[in-house]
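To keep things clear, I will list the structure first and then write my remarks on it.
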Amino acid sequence: MSDANLGRLMILGLLAGGPLHGHQIRRTAELTGVENWGGVKVGALYGMLHRLEAEGLIAPVKVEQQGNRPQRTVYEITDDGLAELAIHRDRALTQPSIYSTTVEAALKWPAGLDEDALQERLSRRRAALAAELDDLVAGRELYRQECKLPASALAGYRRGELHLRAELAWHDELEDLLGEIAAEQAGS
Numbered sequence: 001m002s003d004a005n006l007g008r009l010m011i012l013g014l015l016a017g018g019p020l021h022g023h024q025i026r027r028t029a030e031l032t033g034v035e036n037w038g039g040v041k042v043g044a045l046y047g048m049l050h051r052l053e054a055e056g057l058i059a060p061v062k063v064e065q066q067g068n069r070p071q072r073t074v075y076e077i078t079d080d081g082l083a084e085l086a087i088h089r090d091r092a093l094t095q096p097s098i099y100s101t102t103v104e105a106a107l108k109w110p111a112g113l114d115e116d117a118l119q120e121r122l123s124r125r126r127a128a129l130a131a132e133l134d135d136l137v138a139g140r141e142l143y144r145q146e147c148k149l150p151a152s153a154l155a156g157y158r159r160g161e162l163h164l165r166a167e168l169a170w171h172d173e174l175e176d177l178l179g180e181i182a183a184e185q186a187g188s
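Per full-length UniProt numbering, the sequence shown starts with residue 1, numbered consecutively.
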């Protein structure tokens, strides 16, 4: 079974709490920083809304317009959408998806990369992870100062922080194995 789709989970979960228009969903995404910690592109949310509507998972309730502002479609979740939400929520809560198979595959089959090239790429990956950790911690502190974060948000930030710290620890251990990995590749 595949991982839960975070974009669907977010939109359907928000609409399960009551009807919203696209800008409200987008604003929630921006305020929670979902693009940083979850990879959901805020600009793609309107496209997701249209796809969810086409699939019958959400339905327009009304169109609003305030003054000269653009019209806004207010959506609600359908019964099919509630069923889809249950599937994605179940996947997210019951199926761990902490493993990146791509990095393992790249290490298993590094043909064409010598040890120095492999080290350089892994150093870039490690630096990116460290920067992501710094951003996550800074974002958490910023949100904590600007508004009271609910316990669920704090738990999410902490989970992300621990995952990133574990990845960084793995990188530190991997440094000792790079020679072996390169030797295995040279011998095959």
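The beta carbon of each residue, even a glycine, is placed where N, CA and C say it ideally should be.
- Message: Judging by CA-CA distance, which residue of D90, H23, D79 is the nearest neighbour of L6?
- Response: Translated into positions along the sequence shown, residue 6 becomes position 6. Selected option, being the one with the closest Cα: D90.
- Item | Contiguous beta strand (DSSP E) assignments of at least 3 residues, all confined to the UniProt domain "Transcription regulator PadR N-terminal" (11 to 86) | 58 to 64, 72 to 77
- The alpha helix (DSSP H) with L129 in it runs from where to where? Start at 1 with the first residue of the sequence shown, and residue 129 comes out as number 129. Segment 115 to 146, the alpha helix (DSSP H) holding L129.
- Item | Nonlocal neighbours in the same chain, by C-beta distance under 7 Å from Y157, ignoring five residues either side | Mapped onto the sequence shown, residue 157 falls at position 157. Correct list, in chain order: L136, R140.
- Rounded C-alpha distance that separates Q24 from E161: Position 24 of the sequence shown, counting from 1, holds the residue named residue 24. Position 161 of the sequence shown, counting from 1, holds the residue named residue 161. Each residue's Cα considered, the two are about 27 Å apart.
- Task: Compute the Euclidean distance between the alpha carbons of P60 and V34, then round it to the nearest angstrom.
- Result: In the sequence shown, counting from the first residue as 1, residue 60 sits at position 60. In the sequence shown, counting from the first residue as 1, residue 34 sits at position 34. Each residue's Cα considered, the two are about 24 Å apart.
- Query: Is there contact between the stretch 116 to 130 and the stretch 168 to 176, where contact requires at least three CB pairs shorter than 8 Å?
  - Reply: yes
- Report the option in Y143, K148, V103, Y75 whose CA atom is closest to the CA atom of P14. For the purposes of this step, residue 14 is taken as the residue at position 14 of the sequence shown. First, the amino acid is wrong: residue 14 is Leu here, not Pro. Checking every option, the nearest Cα to that of L14 belongs to Y75.
- Query: Can M48 and I87 be called in contact, C-beta distance under 8 Å?
  - Reply: For the purposes of this step, residue 48 is identified with residue 48 of the sequence shown, where counting begins at 1. For the purposes of this step, residue 87 is identified with residue 87 of the sequence shown, where counting begins at 1. No, Cβ-Cβ distance for M48 and I87 is not below 8 Å.
- Between the Cα of A153 and those of A29, G22, G18, spot the shortest distance and give me the residue it belongs to. Here residue 153 is taken as the residue at index 153 of the sequence shown, counted from 1. Out of A29, G22, G18, A29 has the C-alpha closest to the C-alpha of A153.
- Message: For a test of the three-state rule: what should DSSP assign to H171, helix, strand or coil?
- Response: Here residue 171 corresponds to residue number 171 of the sequence shown, with the count starting at 1. H171 falls in the helix class under three-state DSSP.
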